[in-house]
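Protein chains in written order, with our numbering: chain A, 613 to 1087; chain B, 27 to 341.
For every residue, glycine included, the Cβ atom is placed at its ideal position computed from N, Cα and C.
If you're wondering where the values come from, they're calculated on a predicted model, not measured in any experiment.
One structure below.
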């Protein structure tokens, strides 16, 4: 599909002028030697390889590590735009937490008829083990990633909420490091808000969620599935930056009613576990009995209030794509305010009228699996062949509950540094949000993912997308 | 620190050390083979396989073919050899990845870069013309890692476990090389104590990078007993057994100091240290060099096992 003429380019206006956000950057860029820039571009890849910032692609050559391509043209957001976005994000995150608390307690929102019962009770992400318990500090989603897309000067929409274990923050940080190492002079010309203190803020936010009575220096550990996990680099990176231990399930066990890690001196209790292991694998006694990635008995300790698990088990019920379509109602129900950030219009294929519409308009729509992620199992109507659409229609008819559909959005573009010079590519943005009893903390910017193929709308790194450094300008 | 982390840095260090020692061994063997007729060269190559304790694995793959390229490719990169340099570098890097938070960025990058370079260098069978270069690259990369460790690591328990891994492995390797080569080189016991001028002895020293140091200390005289003494008892030579034991002791002492108590590993090592201080090369030869080295290798292994157990490397 060619890039839609109606796409909003964040750097250049329709008549070729540079937008104010990019004025400082563009002035610098125009003064650079193209050959020198190309050299820098090649340097960047070597830098990432050397540092080992790689991810493993499932289904690829076992153990093969790949780089997420980095594009050196930054994505720039003005202070004014960011203020608006942060307000909307904060409202949404507050609503997500309130929703989770409600869903695992009185389910007022279901009683009020605003969210259908079947979406909760029959949802695999709903964990009965969480019913009636309050996590330490009352926080469910300690770390949230809100995926935003832009379609116009003022049109930002939420494409997806990530309330389980959002990843990508290490790329946000390394992209900035790389930019500062490659172009230090840029940062003296343009005032960019720093992101580098994210790990410190994460450590502080997690510590603030520790169970009561832990003292002022709670022991925080990061739980990883291990070196073969696709995001292992990030797990190690965050543990390292926070000065926390990076543990695997086999390092942990229950000792005297606490979760403890096996150190060279014996078992030492942990207060806060930032887990990067899915709910299903967290506790073989409560969930998947075959799991070796988790800790047998951790759910009992958790329910007894002796450890904080971040994010809380069962938060997946809030970022389910079927629930997503109810987010405007959810925000309004819990905050009493109109949502500041819009949802992308969504057809729930479980509803017969919507299904009929979707089946008729498959060639224009994007259809997603309700529980899918990473861009797998989806149909992008406009770029699919007739045959692909027919095959997908059959799947859709067989299991309509499993799908939602959205219009193909004219995602905004930001130029990338292509062989032939600057060329527009579609982008999205994932800001990272920290939640603790002390408040909601949003790091300015986030991770910009960019589709590297001309016209492509798929930004997922697992499907050939790249990333950019994301700048929020100082006032 | 986590027991798993201690295990990770320990094995990372052991693998790196073994990779480097294999490269040294090959370097000496290669030089040797160049100056010999075909039959003697084959014997030389065979002795390398014996020193690393891989004879059955090797012969399963190559039979009696002890030609140079077969041996060096086996030692450097063959899949059939779990102790190949390539397998060691991969093992070191996998362990380093698993304990990244315990390593400084520079150490991690040095290990990762070594893996990237050597994986490339060993992707295809190594030809004679490039063997020297490849062996040089292995030693150079390992030196780089060591430099990064020395220059950036905090002198704490993590460093102690890393060093312990290095010296356990080095002591084992030196003892094995000496054990195998000594008897290959010695035509009869009567030669012990006599003065020799033999490139083969030079090769033995070369395989532990000790040829210049030995010559300097002994004014160029090659004496089998002197060489054994040098490799076993000389506390100044960084690849001698005694040197390794001293380093093991100081690092285990560091742990005892930090943890406030000693473990069974300390006891074992204290006994071994005393033995080394009290013995002489004459006493060793009296009891039999081979017997001495075999007992040493077993004892060294016991120390390693005691450390793994006492510091909870595995659950």
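Does residue i come out as helix, strand or coil in the three-state DSSP assignment?
i: residue 266/B; result: coil
i: residue 329/B; result: helix
i: residue 1079/A; result: strand
i: residue 1036/A; result: strand
i: residue 833/A; result: strand
i: residue 881/A; result: strand
i: residue 893/A; result: helix
i: residue 340/B; result: coil
i: residue 774/A; result: strand
i: residue 148/B; result: coil
i: residue 977/A; result: strand
i: residue 111/B; result: helix
i: residue 62/B; result: coil
i: residue 919/A; result: coil
i: residue 695/A; result: helix
i: residue 651/A; result: helix
i: residue 716/A; result: coil
i: residue 960/A; result: strand
i: residue 874/A; result: strand
i: residue 769/A; result: strand
i: residue 970/A; result: helix
i: residue 965/A; result: helix
i: residue 623/A; result: coil
For residue i, which residues from the same chain have a beta carbon less than 7 Å from its beta carbon, with the 5 sequence-adjacent residues on both sides left out?
i: residue 206/B; result: 73, 76, 77
i: residue 882/A; result: 831, 833, 871, 872, 873, 919
i: residue 235/B; result: 50, 265
i: residue 167/B; result: 140, 143, 144
i: residue 779/A; result: 843, 846
If you draw a straight line from the alpha carbon of residue i to that of residue j, how long is it in whole angstroms?
i: residue 31/B; j: residue 915/A; result: 29 Å
i: residue 822/A; j: residue 884/A; result: 6 Å
i: residue 296/B; j: residue 335/B; result: 17 Å
i: residue 1058/A; j: residue 286/B; result: 46 Å
i: residue 1052/A; j: residue 195/B; result: 51 Å
i: residue 1000/A; j: residue 1032/A; result: 33 Å
i: residue 171/B; j: residue 137/B; result: 6 Å
i: residue 956/A; j: residue 934/A; result: 13 Å
i: residue 719/A; j: residue 622/A; result: 42 Å
i: residue 1082/A; j: residue 649/A; result: 19 Å
i: residue 192/B; j: residue 1041/A; result: 46 Å
i: residue 616/A; j: residue 1021/A; result: Any answer about residue 616/A is weak, because its pLDDT of 46 lies below 50 and its placement is not dependable; what the coordinates show is given next. Looking at the two C-alpha atoms, the distance is approximately 9 Å.
i: residue 946/A; j: residue 969/A; result: 31 Å
i: residue 156/B; j: residue 654/A; result: 28 Å
i: residue 69/B; j: residue 245/B; result: 29 Å
i: residue 980/A; j: residue 1011/A; result: 12 Å
i: residue 185/B; j: residue 279/B; result: 13 Å
i: residue 340/B; j: residue 848/A; result: 20 Å
i: residue 925/A; j: residue 134/B; result: 33 Å
i: residue 102/B; j: residue 169/B; result: 18 Å
Skipping 5 residues on each side, what residues in its chain have a beta carbon closer than 6 Å to that of residue i?
i: residue 230/B; result: 207
i: residue 189/B; result: 277
i: residue 180/B; result: none
i: residue 672/A; result: Any reading at residue 672/A must be qualified, since the residue scores a pLDDT of 40, below 50, and its modelled position is unreliable; the value itself is stated next. Closer than 6 Å at the Cβ level, and outside the excluded window around residue 672/A, lies no residue.
i: residue 337/B; result: 32
i: residue 769/A; result: 761, 954, 956
i: residue 670/A; result: Note that residue 670/A scores 45 on pLDDT, short of 50, meaning its location in the model is unreliable; the coordinates nonetheless yield the value given after this. Hits under 6 Å: none found.
Tell me, to the nearest whole angstrom, how far the beta carbon of residue i is from that of residue j; I am working on the premise that it is less than 8 Å.
i: residue 1080/A; j: residue 787/A; result: 7 Å
i: residue 52/B; j: residue 201/B; result: That belief does not hold up - the Cβ atoms of residue 52/B and residue 201/B are roughly 18 Å apart, past 8 Å.
i: residue 853/A; j: residue 811/A; result: 3 Å
i: residue 989/A; j: residue 974/A; result: With a Cβ gap of about 15 Å, residue 989/A and residue 974/A do not count as contacting.
i: residue 708/A; j: residue 954/A; result: Not quite, the Cβ-Cβ distance comes to about 16 Å (not below 8 Å), so this is no contact.
i: residue 1060/A; j: residue 807/A; result: Going by Cβ atoms, the distance from residue 1060/A to residue 807/A rounds to 12 Å, so no, they are not a contact pair.
i: residue 703/A; j: residue 943/A; result: 6 Å
Leaving out five residues before and five after residue i in sequence, what residues of the same chain have Cβ atoms less than 8 Å from its Cβ?
i: residue 838/A; result: 844, 860, 905
i: residue 127/B; result: 31
Does at least one heavy atom of the ligand MN sit under 6 Å from the Cβ of residue i?
i: residue 171/B; result: Absence of the ligand MN is noted for the structure shown, with no ligands found whatsoever.
Kindly indicate if chain D contains any beta-carbon less than 7 Å away from that of residue i.
i: residue 337/B; result: Judged by its chain identifiers, the structure shown contains no chain D, and its protein chains are A and B.
Residue ranges of each alpha helix (DSSP H) within the stretch 989–1058 of chain A, 4 or longer
The DSSP assignment places complete alpha helix (DSSP H) segments of no fewer than 4 residues inside the stretch 989–1058 of chain A at 998–1010, in order along the chain.
What ranges does the alpha helix (DSSP H) occupy inside the stretch 804–868 of chain A, keeping only unbroken runs of at least 4 residues that lie completely in it?
Segments of the alpha helix (DSSP H) lying fully in the stretch 804–868 of chain A: 810–819, 844–854.
Which runs of the alpha helix (DSSP H) spanning at least 4 residues fall entirely within the stretch 123–180 of chain B, listed in chain order?
Residue ranges of uninterrupted alpha helix (DSSP H) with 4 or more members, entirely inside the stretch 123–180 of chain B and ordered along the chain, are 131–147, 154–178.
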